[in-house]
Amino acid sequence: MIVFHEPAEVPAGFGPSVVAIGKFDGVHAGHRAILERARVDAATGAKVVAVTFDRNPLALLRPELCPESLIGATQKIQLLAETGIDATLMLRFDEQLADLSPHAFVEHVLVGALGVRTVLVGDDFRFGKGGAGTPETLRELGAEFGFSVEVIADVQSRDAGRRVSSTWIRELLTDGDVAGAGKLLGRPASVWGEVVHGLKRGRELGFPTANLSPDLEGFVPADGVYAGWLIDEGSADRLRSGIRYPAAISVGTNPTFDDVPVRQVEAHVLDETEIDLYGHRVEVQFVARVRGMVAFEGIDPLIAQMQTDVEHVRAALG
1 MIVFHEPAEV PAGFGPSVVA IGKFDGVHAG HRAILERARV DAATGAKVVA
51 VTFDRNPLAL LRPELCPESL IGATQKIQLL AETGIDATLM LRFDEQLADL
101 SPHAFVEHVL VGALGVRTVL VGDDFRFGKG GAGTPETLRE LGAEFGFSVE
151 VIADVQSRDA GRRVSSTWIR ELLTDGDVAG AGKLLGRPAS VWGEVVHGLK
201 RGRELGFPTA NLSPDLEGFV PADGVYAGWL IDEGSADRLR SGIRYPAAIS
251 VGTNPTFDDV PVRQVEAHVL DETEIDLYGH RVEVQFVARV RGMVAFEGID
301 PLIAQMQTDV EHVRAALG
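For the sequence shown, our numbering gives the first residue as 1, with consecutive numbering after it.
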């Protein structure tokens with residue numbers, strides 16, 4: 001997948017294209033339905049392009065209302081690439097972009113840069129200065145510039161009778177329900193970041209952990225212990241395709257010792273006591289919650305519980 005960061009990077013004659021526009025926060029099942037429809041529409045020879053943003057527009061326009069993102073920009077690009085689309089235009093949402101009128105956005109981004117033939121959006125899509133543009137606005141501009149517009153209905157959960165949304169996924173993760181969130185995402189919920197040095201207490205207890213930097217990407221679920229996977233993508237100067245390890249994952253502030261000032265994500269890779277991940281970029285995937293976070297009265301009860309946790313993780317991962 002090709003990644004562009006501004007319309008000027010798109011080469012002349014790039015189109016025709018079928019474009020799906022949205023925040024794509026989480027690239028969940030609803031987003032994937034739009035992208036899959038775009039791939040069908042492009043089967044006659046057009047390129048499939050996702051147009052999205054490096055942040056939630058509310059982070060600039062109404063920061064007090066902006067929810068925490070499910071994924072960061074790096075994760076979004078990786079997940080969009082996995083859908084099989086041809087390109088992503090990851091626009092920097094700044095004041096200049098926010099001030100574009102709907103007409104200017106369509107003319108310069110969709111038509112001028114991408115040679116758009118069809119645009120796909122959700123029914124709650126808004127664009128242009130002040131959110132003035134709606135799907136109906138897009139249809140009117142399509143008639144002017146010669147492209148069609150498809151509004152894709154929400155994906156609904158039959159069991160819950162609720163539309164799949166980033167809001168719902170955030171609620172599940174806040175409750176620690178990573179399995180439920182994974183069903184809506186179509187993949188395990190995850191965070192991504194660099195492994196940094198911690199207090200090394202896990203190694204002292206016989207359970208060495210890879211500690212993720214606090215500035216990681218992704219929505220961190222509720223405090224607790226989880227079964228999941230650690231995917232090692234290597235260091236900045238030596239990338240790799242990704243080696244997956246089963247892991248027991250801890251989220252929280254280590255209440256037994258009460259000396260960790262901020263919540264942290266740390267993963268104990270099962271059966272790999274000598275693995276060196278410092279400085280590596282890793283993805284930590286959450287598959288199932290094992291238990292909540294509690295404080296233990298001493299080291300021996302903690303070690304006993306950690307041994308039990310590891311067995312529960314093995315069972316959860318099959």
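Glycine included, every Cβ here is placed at the ideal spot set by N, Cα and C.
Fill in: Beta-carbon gap between I85 and L35 smaller than 8 Å
Numbered from its first residue, the sequence shown carries residue 85 at position 85. Numbered from its first residue, the sequence shown carries residue 35 at position 35. The answer is yes: Cβ separation under 8 Å.
Next on the checklist: Does I169 come out as helix, strand or coil in the three-state DSSP assignment?
Outcome noted: For the purposes of this step, residue 169 is taken as the residue at position 169 of the sequence shown. Correct three-state label for I169: helix.
DSSP beta-bridge partners for F53?
By 1-based counting over the sequence shown, the position of residue 53 is 53. Bridge partners of F53: L91.
Item to check | First through last residue of the alpha helix (DSSP H) which encompasses H31 | outcome: Here residue 31 is taken as the residue at index 31 of the sequence shown, counted from 1. It spans A29 to D41 - the alpha helix (DSSP H) in which H31 sits, taken as one unbroken run.
Item to complete: Would you mind giving the Cβ-Cβ distance between S165 and Q285, rounded to the nearest angstrom? I have them listed as a contact below 8 Å.
Response: Here residue 165 corresponds to residue number 165 of the sequence shown, with the count starting at 1. Here residue 285 corresponds to residue number 285 of the sequence shown, with the count starting at 1. Not confirmed; about 21 Å, so no contact.
ask   = V40: buried (16+ other C-beta within 10 angstroms of its C-beta) or exposed?
value = Taking the sequence shown and counting its residues from 1, the one referred to as residue 40 is at position 40. Exposed, by the Cβ-count rule.
Taking all protein chains shown into account, do 16 or more other C-beta atoms lie within 10 angstroms of the C-beta of S213, making it buried, or fewer, making it exposed?
-> Taking the first residue of the sequence shown as 1, we reach residue 213 at position 213. S213 is exposed by the Cβ-count criterion.
inquiry  = Determine whether the beta carbon atoms of A248 and V310 lie at a separation below 8 Å.
reply    = Residue numbering aside, residue 248 sits at position 248 when the sequence shown is read from its first letter. Residue numbering aside, residue 310 sits at position 310 when the sequence shown is read from its first letter. Going by C-beta atoms, A248 is nearer than 8 Å to V310.
Worksheet entry | I243, buried or exposed, once every other Cβ within 10 Å from all chains shown has been counted against 16 | The sequence position of residue 243 within the sequence shown is 243, counting from 1. Label assigned to I243: exposed.
**Report entry** Coil, strand or helix - H280 by DSSP
**Finding:** Sequence index remark: in the sequence shown, residue 280 carries index 280 (1-based). In this structure, H280 counts as coil in the three-state DSSP scheme.
Mark G292 as exposed unless 16 or more other C-beta atoms lie within 10 angstroms of its C-beta, in which case mark it buried. By 1-based counting over the sequence shown, the position of residue 292 is 292. By the 10 Å Cβ count, G292 comes out exposed.
Outcome for L138 when other beta-carbon atoms lying within 10 angstroms are tallied against a minimum of 16:
Within the sequence shown, the letter at position 138 stands for residue 138. The residue in question, L138, is buried, as its Cβ has 16 or more Cβ neighbours within 10 Å.
Given 8 Å as the limit, is there contact between the stretch 113-125 and the stretch 16-27, that is, 3 or more CB pairs closer than that?
yes
query = In terms of residue numbering, what span does the alpha helix (DSSP H) encompassing A304 cover?
reply = For the purposes of this step, residue 304 is identified with residue 304 of the sequence shown, where counting begins at 1. Its alpha helix (DSSP H) spans residues I299 to L317.
#### Entry: Bounding residues of the alpha helix (DSSP H) (the contiguous stretch that carries G180)
As a first step, residue 180 must be located in the sequence shown, where it is residue number 180. Per DSSP, G180 belongs to the alpha helix (DSSP H) from V178 to L185.
- [ ] May I have the straight-line CA-CA distance separating P301 from T308, to the nearest angstrom?
- [x] Residue 301 sits at position 301 when you count from the first residue of the sequence shown. Residue 308 sits at position 308 when you count from the first residue of the sequence shown. C-alpha separation (whole angstroms): 11 Å.
Beta-ladder partner(s) of S17, from DSSP: Counted from its first residue, the sequence shown places residue 17 at position 17. Per DSSP, K47 and V116.
Rounded to the nearest angstrom, what separates N56 and I299 at their Cα positions?
To locate residue 56, count along the sequence shown from 1; it is residue 56. To locate residue 299, count along the sequence shown from 1; it is residue 299. Answer to the nearest angstrom: the Cα atoms are 43 Å apart.
Can you look up P323 in the DSSP assignment and give me helix, strand or coil? The structure shown does not extend to residue 323, since the chain is modelled only from 1 to 318, so the question has no answer here.
Legend entry - C-beta atoms of T88 and T52 nearer than 8 Å: Along the sequence shown, one-based indexing puts residue 88 at 88. Along the sequence shown, one-based indexing puts residue 52 at 52. Going by C-beta atoms, T88 is nearer than 8 Å to T52.
Between E194 and G72, which are expected to be in contact by the criterion C-beta below 8 Å, what is the C-beta distance as a whole number of angstroms? Position 194 of the sequence shown, counting from 1, holds the residue named residue 194. Position 72 of the sequence shown, counting from 1, holds the residue named residue 72. About 12 Å; that fails the 8 Å criterion.
* Asked: Since R162 sits in a beta bridge, which residues does DSSP pair it with?
  -> Along the sequence shown, one-based indexing puts residue 162 at 162. In DSSP, R162 forms a bridge with S157.
**Message:** Given this structure, state the Cα-to-Cα distance separating P135 from A59, to the nearest angstrom.
**Reply:** Numbered from 1 along the sequence shown, position 135 holds the residue referred to as residue 135. Numbered from 1 along the sequence shown, position 59 holds the residue referred to as residue 59. Between P135 and A59, the C-alpha separation is close to 23 Å.
Between the C-alpha atoms of Q305 and P208, what's the straight-line distance to the nearest angstrom?
Along the sequence shown, one-based indexing puts residue 305 at 305. Along the sequence shown, one-based indexing puts residue 208 at 208. Answer to the nearest angstrom: the Cα atoms are 15 Å apart.
I275 in three-state terms, based on DSSP: Within the sequence shown, residue 275 is the residue found at index 275, counting from 1. If DSSP states are grouped into helix, strand and coil, I275 belongs with coil.
**Request:** Measure the alpha-carbon distance for D25 versus W192 and round it to whole angstroms.
**Result:** Here residue 25 refers to the residue found at position 25 when the sequence shown is read from its first residue. Here residue 192 refers to the residue found at position 192 when the sequence shown is read from its first residue. Taking the straight line joining both Cα atoms gives about 15 Å.
Measuring alpha carbon to alpha carbon, tell me which residue in V155, Y245 and S250 is nearest G224.
Mapped onto the sequence shown, residue 224 falls at position 224. Out of V155, Y245 and S250, S250 has the C-alpha closest to the C-alpha of G224.
(request) Taking H268 as part of the alpha helix (DSSP H), name the residues at either end of that continuous run. (result) Working through the sequence shown from its first residue, we reach residue 268 at position 268. Here H268 belongs to no alpha helix (DSSP H); instead the beta strand (DSSP E) covers Q264 to V269.
Classify L141: buried if its beta carbon has 16 or more other beta carbons within 10 angstroms, exposed otherwise.
Position 141 of the sequence shown, counted from the first residue, corresponds to residue 141. Classification for L141: buried.
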